[in-house]
Every structure is written in C-alpha cells, then in structure tokens.
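Numbering (the working numbering), first residue to last: 122 to 340. Glycine is no exception: its CB is placed at the ideal position from the N, C-alpha and C atoms. A short worksheet on the structure shown next.
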Ligand SMILES: [Ca+2]
Ligand SMILES: [Ca+2]
C-alpha cells in the first residue's frame with residue numbers, strides 16, 4: 122500500500138512537472154512556443170551519464186496540435202546503422218527539431234517525449250517537453266470581454282487564454298470602444314503590458330467606467 126501510494130504520488134508529481142526531467146541524469150528540454158507553419162527546435166546538454174554508447178528517439182506524447190517531422194541529432198554524436206542517433210556519455214548536446222503545420226491552431230499543444238536508451242535497448246531516462254502553438258508576433262486583435270457593470274471593466278491578461286494573447290506581451294494599448302485612448306478619458310484607469318487593463322467604478326468620480334478594450338503586443 123505504501124508502495125502504491127508512493128507510485129501514485131510520483132505519478133501526480135510527474136504530471137505536475139510535465140516538461141521537466143523525471144530523473145536527475147536525463148537531459149532536460151525546455152517547453153517551446155512556436156507559431157503555425159514554422160519549424161522549431163529544442164536542445165539539452167547531456168551530463169551525468171557514464172561513458173558508454175546511448176541512442177535517442179523522440180515519440181509523440183499526446184496533444185492535438187499538428188506537429189510532425191520530428192528529427193533528432195547529437196553533437197558530438199554519430200549515426201547508427203538503423204538510422205538511430207547516438208552519442209557517447211556526457212558532454213554532448215541533444216537537438217530535437219519539429220515542424221508545426223500550417224493548420225495548427227493557436228493555443229493547442231503537442232508533447233514530445235525524448236527517450237535515451239543504452240546499447241542493449243534499455244530505457245535509461247526520458248524527458249517530455251511541450252510545443253504550444255503561439256500567436257505570430259505583433260499586435261493582437263482588440264479584446265473586449267467585460268462591461269462596466271459590477272465592480273468595473275476588466276480586460277486583464279489573466280482573463281484571456283493563449284489562443285488570444287501570448288503569456289509575455291511587451292506592450293499594451295487601452296482605449297474605449299469608441300477609440301478614445303484611456304489617458305484622454307479623464308478616468309482612473311490602469312493599462313500595463315503584463316497586467317492588461319482595469320477600470321474600477323469605485324475610483325471614478327460620480328460615474329461608471331466607460332467600456333474599454335485592449336490589445337497586446339507579442340514579441
Ligand atoms: Ca464588469
Ligand atoms: Ca470592456
């Protein structure tokens with residue numbers, strides 16, 4: 122029972138930390154954000170493995186995004202007779218490249234599992250990283266999700282999913298639905314790139330907030 126609980130706890134932990142290494146010696150690949158119709162790649166240095174021959178493969182770990190054409194390499198490394206890629210012990214860097222298809226939808230993801238096997242075919246370790254289809258760089262569309270009723274008018278970054286806004290916008294513009302910039306309305310308003318736009322009715326003198334919309338600049 123204790124073993125079972127431990128296994129369940131480890132499984133829950135592994136689920137929580139998807140995208141990071143399950144074992145210390147395994148190379149760790151960072152999660153990726155790639156726009157549609159674009160090639161991407163992830164890399165990870167190898168350390169902590171004994172001097173021996175190892176082989177790499179990458180497999181589909183699930184998800185709905187159209188991500189394909191997986192390719193792997195190790196530098197320094199070698200090609201094995203069956204087309205596998207190999208490397209010897211620590212000191213190499215592993216590369217996984219892929220293509221996000223033109224039909225991939227922003228916000229969808231695909232998990233890629235990188236497995237390292239020894240020359241006997243035994244699994245030494247694996248790491249999973251996530252490829253999320255991102256918005257192309259530039260301004261998003263104007264976004265308006267709230268009305269001034271209630272406590273105010275809220276178009277915050279946290280209110281919008283990855284299909285609408287990148288997680289790290291570098292600029293934001295806020296204006297009324299009539300196109301008046303927030304700073305020309307005379308109202309108290311907060312317009313911050315990594316927070317979005319907030320207007321509180323309680324901060325206005327004698328009137329409700331106007332209805333605002335925001336757009337973000339994604340790098
Ligand atoms: Ca509201
Ligand atoms: Ca609004």
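Cβ-heavy atom distance, residue i to ligand 2, below 7 Å
i, result
"residue 265", "yes"
"residue 278", "no"
"residue 334", "yes"
"residue 272", "no"
Delimiting residues of the beta strand (DSSP E) encompassing residue i
i, result
"residue 273", "273 to 277"
"residue 183", "174 to 184"
"residue 296", "292 to 297"
"residue 312", "311 to 313"
"residue 266", "From DSSP, residue 266 is part of no beta strand (DSSP E); its letter is neither H nor E."
"residue 306", "Here residue 306 belongs to no beta strand (DSSP E), and DSSP marks it neither H nor E."
"residue 337", "333 to 339"
"residue 148", "Note, residue 148: premise wrong, no beta strand (DSSP E); not H, not E."
"residue 320", "317 to 321"
Alpha carbon of residue i to alpha carbon of residue j, nearest angstrom
i, j, result
"residue 193", "residue 154", "18 Å"
"residue 353", "residue 205", "Only positions 122 to 340 of the chain appear in the structure, and residue 353 is not among them; the question remains open."
"residue 250", "residue 234", "7 Å"
"residue 294", "residue 326", "23 Å"
"residue 201", "residue 160", "25 Å"
"residue 256", "residue 199", "36 Å"
"residue 247", "residue 339", "32 Å"
"residue 292", "residue 149", "31 Å"
"residue 227", "residue 287", "10 Å"
"residue 181", "residue 232", "6 Å"
"residue 280", "residue 212", "43 Å"
"residue 324", "residue 309", "6 Å"
"residue 269", "residue 157", "36 Å"
"residue 316", "residue 240", "51 Å"
Pair within 8 Å by beta-carbon distance, residue i and residue j
i, j, result
"residue 209", "residue 174", "yes"
"residue 191", "residue 217", "yes"
"residue 177", "residue 245", "no"
Heavy atom of ligand 1 within 7 Å of residue i beta-carbon
i, result
"residue 281", "no"
"residue 321", "no"
"residue 222", "no"
Quiz prompt | Uninterrupted alpha helix (DSSP H) stretches inside the stretch 196 to 245 (no shorter than 4 residues) | solution = DSSP runs (the alpha helix (DSSP H)) wholly in the stretch 196 to 245: none.
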